[in-house]
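Put into structure tokens, the structure is as follows:
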């Protein structure tokens, strides 16, 4: 799993479907859901760290895109 899309597909395995209406909001909600799965013991530390890194990267890219607009 190397992309934001992969994370969303992973979350669907737990019946977590994310659509807030803004990409930035979607990324932030996905990060919260990943935190919850980690706290519940569903995610191991390595996968959690990778997911958080991907989400942080996507969040930064989206903030930059919004500044350009």
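In my numbering, the protein residues as written are 178 to 246. Beta carbons are placed, not taken as given, at the ideal position from N, Cα and C, and that holds for glycine.
In the three-state reduction of the DSSP assignment, residue 221 falls in the coil class.
In terms of Cβ geometry, residue 228 and residue 195 do not form a close pair [threshold 8 Å].
In the DSSP assignment, residue 203 falls within the unbroken alpha helix (DSSP H) covering 200–216. Following the DSSP letters along the chain, one finds residue 196 in no alpha helix (DSSP H), marked with neither H nor E. Sixteen is the threshold: since fewer than 16 other Cβ atoms of the shown chains lie within 10 Å of the Cβ of residue 226, the residue is exposed.
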